[in-house]
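Engineer: Numbering (my numbering), first residue to last: 802 to 1067. Where a beta carbon is used, it is the ideal one built from N, C-alpha and C, also for glycine. Just passing along the structure, written as structure tokens.
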Amino acid sequence: MTGRKKIRVLIADDELLARQRLEDLLVREENVEIAASVDNGHDAVSAIRSLAPEIVFLDVQMPGLTGFEVVSEIGPQSMPATVFVTAWDQYALQAFDVAALDYLVKPFDDERFSQAFSRARRSVELQEVGRMTSQLIALLGQPAAIAEPLPEQKPQFLERIAVESRGQVRVVPVNKIEYITASGPYAELHVGDKTYTVRERMQNLEERLDSEKFFRIHRSAIVRLDRIDTMLRSSGGDYGVRLKNGEELSVSRSRREDLEAKLGIL
802 MTGRKKIRVL IADDELLARQ RLEDLLVREE NVEIAASVDN GHDAVSAIRS LAPEIVFLDV
862 QMPGLTGFEV VSEIGPQSMP ATVFVTAWDQ YALQAFDVAA LDYLVKPFDD ERFSQAFSRA
922 RRSVELQEVG RMTSQLIALL GQPAAIAEPL PEQKPQFLER IAVESRGQVR VVPVNKIEYI
982 TASGPYAELH VGDKTYTVRE RMQNLEERLD SEKFFRIHRS AIVRLDRIDT MLRSSGGDYG
1042 VRLKNGEELS VSRSRREDLE AKLGIL
């Protein structure tokens, strides 16, 4: 559509991969300006106040302030059109449904993003932000819906990882991953005979994976525990593991004892 007003968009998410995914999708949209991309709640508040974006993609869980606390800090009456981005797929989403606000569940596909963005853009173009504001107020007025799950609920671990390649998105189930290795600023997911590259730090992946199933054996390797077949030790005193597929990976000396404890080796 020609002559369409340029929309200023703010991205607020503490995950680099999630921010990059949103940026990649937004640059494909017509007449969109990415006003800023921030990784914590305090910077989100500052950016909303100083840059006056018309649409905000706001992560629920962020350092400093949660997405809901950002709304409280700005004030619902002053919030731009808001699309929540979340890894919560149960209790938190029920709160969003009650308030009729849109949300994206990570990892999301192109079509789901397009639906959310189109709805937010339409609300701006039709000057319906006031309606969304009243819904934000309704959400914030339900403390049981927004306060309980965020600090109290057990952390939700990654179940899927979105991998972009040649303009397409493939969703890799975490339970299919045998091990993960670092490759510069990227991580490589090893699934059977396939390798998928994602723009994510090993530290972030380690924190988001279930520690009962995955263990970081080296600064450059995370392994699925039930894929380990044998603990190895060379004559030089170096340690390693052999996986059930025959792959051998090094184990840091500082992590050996913790790994043996995980495996029940006395």
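1. So what's E953 in DSSP terms, helix, strand or just coil?
2. From G1037 to V1024, what distance separates their C-alpha atoms?
3. Three Cβ pairs or more, each shorter than 8 angstroms: is that satisfied between the region 842 to 855 and the region 824 to 832?
4. Does the Cβ-Cβ distance between R920 and D903 come in under 8 angstroms?
5. So, does the CB of M1032 fall closer than 8 angstroms to a CB anywhere in chain D?
6. Using the three-state DSSP reduction, which class does P974 fall into: helix, strand or coil?
7. I'd like to check one pair, P908 with R850: are the Cβ atoms closer than 8 angstroms?
8. With H, G and I counted as helix, E and B as strand and the rest as coil, what does DSSP make of D910?
9. Can you have a look at V839 and say buried or exposed, based on whether 16 or more other CB atoms are within 10 angstroms of its CB?
10. What residue range is occupied by the uninterrupted beta strand (DSSP E) comprising R1034?
11. For a test of the three-state rule: what should DSSP assign to G1041, helix, strand or coil?
12. Output the residue ranges of the beta strand (DSSP E) runs that lie fully inside the region 804 to 883 and measure 3 residues or longer, sorted by chain position.
13. Kindly identify the DSSP beta-bridge partner or partners of S1053.
14. By alpha-carbon positions, which one of V1042, H1019, R1034, S1021 ends up nearest to D1027?
15. Assign Y892 to one of two classes, buried (16 or more other C-beta atoms within 10 Å of its C-beta) or exposed (fewer than that).
16. Rounded to whole angstroms, what's the CA-CA distance from V973 to S879? Just pull it up for me.
17. Report the partner residues of E1058 according to the DSSP bridge assignment.
18. Grab me the residues of L866's own chain with a C-beta within less than 8 angstroms of its C-beta, minus the 5 sequence neighbours each way, in chain order.
19. Answer with buried or exposed for A1062, where buried requires no fewer than 16 other C-beta atoms within 10 angstroms of its C-beta.
20. Between H991 and the rest of its own chain, which residues show a CB-CB distance below 6 angstroms, the 5 nearest in sequence each way excluded?
21. Rank I835, A848, A888 by C-alpha distance to the C-alpha of V861 and give the top, closest one.
22. Where G1065 and Y997 are concerned, what is the direct C-alpha to C-alpha distance, given to the nearest angstrom?
23. What residues in its chain sit with their C-beta under 7 angstroms from that of V925, if we drop five residues either side in the sequence?
24. Identify the continuous beta strand (DSSP E) that holds L927 and give its terminal residues.
25. Can you tell me whether DSSP reads L1010 as helix, strand or coil?
Structural biologist: Taking the definition as stated:
1. Here E953 scores only 43 on pLDDT, less than 50, and its place in the model is too uncertain to base an answer on.
2. 23 angstroms
3. no
4. yes
5. Going by chain labels, chain D is absent from the structure shown, which holds only one protein chain.
6. strand
7. no
8. coil
9. buried
10. 1029 to 1034
11. strand
12. 808 to 813, 833 to 839, 856 to 860
13. S1053 pairs with nothing; no bridge assigned.
14. V1042
15. Note that Y892 has pLDDT 38, beneath the 50 cutoff, so the model's placement of it is unreliable and the number below is only indicative. Exposed, because fewer than 16 other Cβ atoms sit within 10 Å of the Cβ of Y892.
16. 39 angstroms
17. Its beta-bridge partners do not exist; DSSP assigns none.
18. N841, G842, H843, A845, V846, E874
19. exposed
20. E979, Y980
21. A888
22. 31 angstroms
23. I808, E855, I856, A882
24. First-last for L927: undefined, no H or E at that position.
25. coil
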